[in-house]
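For the sequence shown, my numbering begins at 111 and goes up steadily by one.
All C-beta atoms, glycine included, are put in the ideal place defined by N, C-alpha and C.
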Amino acid sequence: MPIKPSCVNPRLSVIARATRAGYMRLMLDRASNSSPLPPEIARRRTFAIISHPDAGKTTLTEKFLLYGGAIQMAGQVRAKGEARRTRSDFMQMEKDRGISVSASAMSFDFDGHRFNLVDTPGHSDFSEDTYRTLTAVDAAIMVIDGAKGVESQTQKLFEVCRMRDLPILTFCNKMDRESRETFEIIDEIQENLAIDVTPASWPIGVGRDFIGSYDILNDRLELMERGDRNKRAESIKIKGLDDPKLAEHVPAHLLEQLREEVEMARELLPTFDRQAFLDGTMTPIWFGSAINSFGVKDLMDGIAKFGPEPQPQSASPRHVSPDETTVAGFVFKVQANMDPKHRDRVAFVRLASGHFKRGMKLTHVRSKKPMAISNPVLFLASDRELAEEAWAGDIIGIPNHGQLRIGDTLTEGEAIKVTGIPSFAPELLQNVRAGDPMKAKHLEKALMQFAEEGAAKVFKPMLASGFIVGVVGQLQFEVLASRIELEYGLPVRFEPSQFTSARWVTGPKDKVDAFVNANKGHMAADNDGDMVYLTRLQWDIDRIERDYPDLKLSATKEMMV
């Protein structure tokens, strides 16, 4: 069993210890009190798809929907006209650029199971949205480009999965193109991510020679159909690699290579152990081509058969188990104006326990006020349908007018607060100005909306007018400018700020107040009213921590409200 390295991303290390320790306690509690979940909950599989940009994540998502019967034809990112509009990319910029910059949820049935799939942003500038999304799922699919292997964004997202001990299934994509050797890919995953890898399938040929794979777990030959990209693979049941039927379908030189490599793999690599997989110490890997619909069905079978049921959720003062009879859920994402026809704000809620029914009155724990959930929805990206009921593990949308924020908890009355949803200090800061100075109030409304979505950090300086916007990557400024103009009819421009970083200030109230009064030129309030210190130099932060030992300048704020 590999030794898990410590979290190497400094932006995550603040929450890593608490998150990991809390999650381990949940798993121990679950193990000691294990009892079968109600059938409707047990058949849920809630998972995210993570990858480096352009590894094929969104294409794989489309094929999941195709096999699940949710759509009739998968959109292709590089196709022409309307055919290129992938179902999971619903923002205008996503459609125009062919990239995912927002998490989208989709629910559909497959082989007697209910799949709740979250397609996460592939672009690294939107990684915080992905981090929050991973708090709402029970497993993750890691998509790797067969030619490029483990890339930087993949490694960062894997760290977050590791913190929660999320089980990970790996899909090595684009095997129909020139790719690395199979053993080289597996070795790189094991070395870079420090996790055991076990092959669930083995590719037959690579690039132009790629004709299919051998299903190791089920002893089947899977053959790819290159002509029809939406056609399912031909599956042939065999009796081991010595079955004469293999020679009827596999060229002699590829068959010899397959037998040699699978024999070596069985000697050198661990066999699949479901408990090790559920513990997050082993990942099964499938090889395929998402654009050709190959390997997708096998991966979906793996999720249904081996994937975890809904898991306990970390909360204060106690954790929440999925088999509890009362309903509890938490908001992990807020999205406004998903569809111009609706012009609404929808909170994405992961149900942590119970059986939800439309019309239920739930308590909004932060405000202590009841909310009648009259029009909950289930998602297929931007499309939606009314949800008459939902169970623990499901993701529902609750339309609202701003009452619900990321980190909010909804219960049937108990004062429980879900924990572990992070907010990170921005890495880029810029001033924002409306093209029309008379539209300042409209700009403020737009900025507050995006701050509540978690799309950006918005700071109001104590001594200066206007707002400072903070993001992780430059592309976020482009998305914000585009959305403000499209959704509010308000052209804006971003300008350089004198500040380069921000830190939340916490400590005894009298000490914080004294510090704020002495540093008003550097102080600002975020959209929650929490005080933030704006600075230009890391040296300044180090000095304050030395001169004010009772205060803490934090790069992370937990979104538990």
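_Buried or exposed by the 16-neighbour rule on C-beta atoms within 10 Å, applied to N402_ = buried
*What is the DSSP secondary structure of R224, counted as helix, strand or coil?*
strand
*With distances taken between CB atoms, is the gap from F604 to V542 smaller than 7 angstroms?*
yes
*Which residue from F560, I508, K173 puts its Cα closest to that of I594?*
F560
*Alpha carbon to alpha carbon, what distance is there between S431 and N143?*
Bear in mind that a pLDDT of 48 at N143, under 50, signals an unreliable position, so the model cannot answer this.
*Curious, which full-length alpha helix (DSSP H) runs of at least 4 residues does the region 517 to 565 contain?*
550 to 563
*Within 10 angstroms of the Cβ of E563, are there 16 or more other Cβ atoms? Answer buried if so, exposed if not.*
buried
*Counting only the same chain and skipping the five closest in sequence on each side, list residues whose C-beta sits under 6 angstroms from that of A556.*
I594, Y598
*For H465, which beta-bridge partners are listed by DSSP?*
W501
*How far does the beta strand (DSSP E) with N302 in it reach, from first residue to last?*
No beta strand (DSSP E) holds N302; the alpha helix (DSSP H) holding it covers 292 to 303.
*What separation, rounded to the nearest whole angstrom, lies between the Cα atoms of L378 and A165?*
27 angstroms
_Inter-residue spacing [alpha-carbon to alpha-carbon] between G317 and I254_ = 15 angstroms
*I413 to A249, Cα distance in whole Å?*
9 angstroms
*Check each candidate in R646, D620, T616 and name the one with the smallest Cα separation from T666.*
T616
*asked:* Could you tell me the alpha carbon to alpha carbon distance between P420 and V228, rounded to whole angstroms?
replied: 15 angstroms
_Anticipated Cβ contact below 8 angstroms, Y177 with V406, distance rounded_ = 6 angstroms
_My parser needs the alpha helix (DSSP H) runs of 4 or more residues fully inside the region 407 to 465; what are they?_
none
*Is the Cβ-Cβ distance between W396 and A502 less than 7 angstroms?*
no
*Can you list, in chain order, the residues of its chain whose CB lies under 8 angstroms from that of M641, leaving out five sequence neighbours each side?*
W614, V615, V622, V626, M633, A634, A635
*Contacts around R224, its chain only, beta-carbon distance under 6 angstroms, and the 5 residues preceding and following it disregarded*: R153, R154
*Give the secondary structure of R197 by DSSP, where H, G and I count as helix, E and B as strand, and everything else as coil.*
In this prediction, R197 scores a pLDDT of 49, lower than 50, which makes its location untrustworthy; no coordinate-derived value is stated.
_Going by C-alpha to C-alpha distance, which of E655, V568, V582, P394 sits closest to L327?_
P394
*Go ahead and pull the three-state DSSP assignment for R686.*
No answer is possible for residue 686: the residues shown for the chain start at 111 and end at 671.
*Supposed contact pair V487 and G512 - C-beta distance, whole angstroms, cut 8 angstroms*: Not confirmed; about 17 angstroms, so no contact.
_Cβ shell of I151 (< 8 angstroms), same chain only, five flanking positions each side left out_ = E419, P420, P432, D433, W501, A502, G503
_Going by DSSP, what residue range makes up the beta strand (DSSP E) through R330?_
330 to 333
*Identify whether R603 lies in helix, strand or coil by the three-state DSSP scheme.*
strand
*Pick out whichever of K355, F416, A400 has its Cα sitting closest to the Cα of R384.*
F416
*Please report the Cβ distance between F458 and V475, rounded to the nearest whole angstrom; I am assuming they are in contact, meaning their Cβ atoms lie under 8 angstroms.*
So it is not a contact: roughly 17 angstroms between Cβ atoms.
*From what residue to what residue does the beta strand (DSSP E) around A612 run?*
611 to 616
*asked:* Which residue marks the beginning of the alpha helix (DSSP H) containing M374, and which one marks its end?
replied: 362 to 378
*Under the DSSP definition of a beta bridge, which residues are partnered with N510?*
R455
*asked:* I'd like to check one pair, G545 with P606: are the Cβ atoms closer than 7 angstroms?
replied: no
*For H363, is the classification buried or exposed, using 16 other Cβ atoms within 10 angstroms of its Cβ as the cut-off for buried?*
exposed
*What is the residue span of the beta strand (DSSP E) that N637 lies within?*
Premise fails: N637 is in no beta strand (DSSP E) and is neither H nor E.
*How would you call G439, buried or exposed, if buried means at least 16 neighbouring beta carbons within 10 angstroms?*
buried
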